[in-house]
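Just below is one structure, and these are the notes that go with it.
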Amino acid sequence: MTTIQAYTAHRAGTFTERCAARLGLAAALVLLRLPFRYTVRVVRLARCAGRRPLARGRAEELVSAVRYVGRRWPVRIACMESSLGAVLAAAILRRRLTWCLGARFTPPPVEYHAWAEIPVHGPVGEYTTGGWHHHTALQI
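Each residue of the sequence shown is one higher than the one before, starting from 1155 at the first, in this note's numbering.
Here is the structure:
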């Protein structure tokens, strides 16, 4: 995750989205302390709660809201935490995002990465231009 993506400076999203982002991020931080199989089960249940996928613009705002809320937490909030928080926040709002784990191929290095995506439109809130390609290893 680049510095620009990790530290969103402006307050994004509506009040409801920011509240959902706080709850989703708190749940993500708790879930990532548990064994990974429990995290996967909860994410699958959360995806069932979401009835419709988010629109592209609303999904961008929700991911930005999670990153903005994460700036104020006293713990590390990186791609894994913020993407899981965005998926859980979408489930709280009765919408659906897909949580993806995989690799991001950039021009020189290859990075392990996690992101949220809309099934048809691809990664949400990610820099995908300039040779950055996302390859999914696990999609939940």
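We put the beta carbon where it would ideally sit given N, CA and C, even for glycine.
Apart from the 5 residues on each side of it in sequence, C1254 sits with its Cβ closer than 6 Å to the Cβ of W1269, E1271, T1290, Q1293 in its chain, given in chain order. Judged by DSSP in its simplified three-state form, A1270 adopts strand. In terms of CA proximity to T1168, A1219 leads the group H1288, P1189, A1219, L1242. Distance from the CA atom of V1223 to the CA atom of P1189, rounded to whole angstroms, is 25 Å.
No residue range can be given for R1248, since it is assigned to no beta strand (DSSP E) and is classified by DSSP as neither H nor E. Nearest neighbour of L1179 by Cα position, chosen from I1246, L1199, H1288, turns out to be I1246.
Pairing L1251 with L1185 gives a Cβ-Cβ distance that is not under 8 Å.
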